[in-house]
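**Student:** Take a look at the following structure, please.
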Amino acid sequence: MPPPSNNVDDFRAILQQVKHIVVIAGAGLSAASGIPTFRGAGGMWRSLDATSLATPTAFAANPSLVWQFYHHRRVKALEASPNAAHELLAKMSIPNYLKTIAPAAKTFHLVTQNVDRLSTRAMDVLSAQIGKDVKLADRPRPVSVIEMHGRLFDVKCTKCDWCTEDLSNPLCSTLGATDALLDDYHDAGSKENDIPEDALPRCQQCGALARPGVVWFDEKPLRLDDINSIVYKADLCLVVGTSSTVYPAAGYAYRVKRHNGTVAVFNLEPNKGDEHADFVFLGRCEDELPRVLGVSESKPSSTKFEV
Ligand SMILES: [Zn+2]
2 MPPPSNNVDD FRAILQQVKH IVVIAGAGLS AASGIPTFRG AGGMWRSLDA TSLATPTAFA
62 ANPSLVWQFY HHRRVKALEA SPNAAHELLA KMSIPNYLKT IAPAAKTFHL VTQNVDRLST
122 RAMDVLSAQI GKDVKLADRP RPVSVIEMHG RLFDVKCTKC DWCTEDLSNP LCSTLGATDA
182 LLDDYHDAGS KENDIPEDAL PRCQQCGALA RPGVVWFDEK PLRLDDINSI VYKADLCLVV
242 GTSSTVYPAA GYAYRVKRHN GTVAVFNLEP NKGDEHADFV FLGRCEDELP RVLGVSESKP
302 SSTKFEV
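Heads up: take any position in the sequence shown, counting from 1, add 1, and you land on our numbering.
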């Protein structure tokens, strides 16, 4: 198997022919927006390994600690703004715009592992800019975004099926009171700052303890059936801001390859398994995506979209 190419002309030649495009996005998509990844070297929060807090077991053991962690992440996500990569991907959901990049394209989907809601926000901003006075093919399609790991802003009940999106900050006064501890608090073992369970967010339907509506480790990602049928159809898979070797992107990229589709990776650093991809474009995805797709002159957020 030949090594992956980084030839833009060859990639664009394939773009001319593809019909069904799926983007699998990971943490690197939001890195330029200042969203911490909580993996690798920066993966600590209050001297705890952050991934160990994103589990049902951690929540059962100390809901106050896990809620404080998620309060922190909600605040960071609310402070952040979508970057050029989020904006471009939102714009690609507009059928007539997509045709300027991939003339034969019939569908476009963005499956994101990120829970920061920035792809949805980019879509909201674009929808507001364009309005509803244009024909359907010139409007963004928010349905093309699938947030497979849920959203930081969803709050759901631990007992009944109540779930709602709540963008308020803080979610409750007790969590707001922990703001002073957010950045330089290192005594994770201390119970001193624990919030009693009845003062944590509660279900508005049955009153039980509520939890962050994100998908934790050991839990099933959302909308897997939809994602499977999208991936089954796709003849181009763009892996953005994550390695094509890490699940779930690895599985999806493999399946697109298996039925003779093309896989292109856009990531900051090389990863060993990316050698199975057809193309690898290394660099910041907010620079590389527009450059490789041939739209680097366009800034969707600052220039008015022409239809
Ligand atoms: Zn409930």
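We put the beta carbon where it would ideally sit given N, CA and C, even for glycine.
#1: Helix, strand or coil, according to DSSP, for H277 in the structure here?
#2: Nearest CA to the CA of R203: which residue from C158, D139 and A235?
#3: With which residues is D219 paired in a DSSP beta bridge?
#4: Taking 7 Å as the limit between beta carbons, can you name the residues of its chain near P171, skipping five residues before and five after?
#5: So does K133 have its beta carbon nearer than 7 Å to some heavy atom of ligand 1?
#6: What distance in whole Å lies between the Cβ atoms of G27 and A254, which are believed to be in contact at a cut-off of 8 Å?
#7: What runs of the beta strand (DSSP E), each 3 residues or longer, lie entirely inside the region 136-171?
#8: Would you check if the distance between the CB atom of L99 and the CB atom of A106 is smaller than 8 Å?
#9: Could you give the DSSP three-state label for Y186: helix, strand or coil?
#10: How about G274 and G214: are their beta carbons less than 8 Å apart?
#11: Ends of the alpha helix (DSSP H) at H73?
#12: I want to know whether the region 210-228 touches the region 78-97 - three or more CB-CB distances under 8 Å.
#13: Mapping DSSP to helix, strand and coil, what is I22?
#14: Kindly indicate which residue of M2, A278 and S145 has the alpha-carbon position closest to the one of D227.
#15: Do V112 and I25 have their CB atoms nearer than 8 Å?
#16: Should T121 and E148 be called a contact, given that it needs their Cβ atoms to be closer than 8 Å?
#17: Using the Cα positions of L290 and D11, report the straight-line distance between them to the nearest angstrom.
#18: State the Cα-Cα distance for the pair H260 and D236, rounded to the nearest angstrom.
#19: Under the rule that 16 or more other beta-carbon atoms within 10 Å means buried, what is V309, buried or exposed?
#20: Less than 8 Å between the CB atoms is what I'm expecting for V266 and S245, so what's the real figure, rounded?
**Tutor:** So, from the data block:
#1: By one-based count along the sequence shown, residue 277 stands at place 276. Three-state result, H277: helix.
#2: Reading the sequence shown from its first residue, position 202 is the one you call residue 203. Of the candidates C158, D139 and A235, the residue whose Cα lies closest to the Cα of R203 is C158.
#3: Position 218 of the sequence shown, counting from 1, holds the residue named residue 219. According to DSSP, which records beta bridges pairwise, D219 is partnered with nothing at all.
#4: For the purposes of this step, residue 171 is taken as residue 170 along the sequence shown, with counting starting at 1. Once the five neighbours on either side are set aside, the close Cβ partners of P171 are H72 and G177.
#5: Taking the first residue of the sequence shown as position 1, residue 133 is located at position 132. No - ligand 1 has no heavy atom lying nearer than 7 Å to the Cβ of K133.
#6: Taking the first residue of the sequence shown as position 1, residue 254 is located at position 253. Taking the first residue of the sequence shown as position 1, residue 27 is located at position 26. With a Cβ gap of about 12 Å, A254 and G27 do not count as contacting.
#7: As far as the region 136-171 is concerned, its whole beta strand (DSSP E) runs of at least 3 residues are 146-148, 151-158 and 164-166.
#8: Here residue 99 is taken as the residue at index 98 of the sequence shown, counted from 1. Here residue 106 is taken as the residue at index 105 of the sequence shown, counted from 1. Yes, the Cβ-Cβ distance between L99 and A106 is below 8 Å.
#9: Numbered from 1 along the sequence shown, position 185 holds the residue referred to as residue 186. Low confidence applies here, because Y186 scores a pLDDT of 46, under 50, leaving its location unreliable and the question unanswered by this model.
#10: By one-based count along the sequence shown, residue 274 stands at place 273. By one-based count along the sequence shown, residue 214 stands at place 213. Cβ distance not < 8 Å, so G274 and G214 don't count as in contact.
#11: If you number the sequence shown from 1, residue 73 lands on position 72. Annotation for H73: the continuous alpha helix (DSSP H) segment containing it runs P64 to E80.
#12: Contact between the region 210-228 and the region 78-97 is absent, because fewer than three Cβ pairs lie under 8 Å.
#13: The sequence position of residue 22 within the sequence shown is 21, counting from 1. Of the three classes helix, strand and coil, the one that applies to I22 here is strand, per DSSP.
#14: In the sequence shown, residue 227 corresponds to position 226, counting from 1. Here the closest residue by C-alpha is S145.
#15: Within the sequence shown, the letter at position 111 stands for residue 112. Within the sequence shown, the letter at position 24 stands for residue 25. Yes, Cβ-Cβ distance for V112 and I25 is below 8 Å.
#16: Start at 1 with the first residue of the sequence shown, and residue 121 comes out as number 120. Start at 1 with the first residue of the sequence shown, and residue 148 comes out as number 147. Contact flag set, yes.
#17: Residue numbering aside, residue 290 sits at position 289 when the sequence shown is read from its first letter. Residue numbering aside, residue 11 sits at position 10 when the sequence shown is read from its first letter. About 15 Å.
#18: Sequence index remark: in the sequence shown, residue 260 carries index 259 (1-based). Sequence index remark: in the sequence shown, residue 236 carries index 235 (1-based). The alpha-carbon atoms of H260 and D236 are separated by roughly 8 Å.
#19: Past the boundaries of the shown model lies residue 309; the chain is included only from 2 to 308, so the question cannot be answered.
#20: On the sequence shown, position 265 is the one that residue 266 refers to. On the sequence shown, position 244 is the one that residue 245 refers to. Contact between V266 and S245 holds, since their C-beta atoms are separated by about 5 Å, short of 8 Å.
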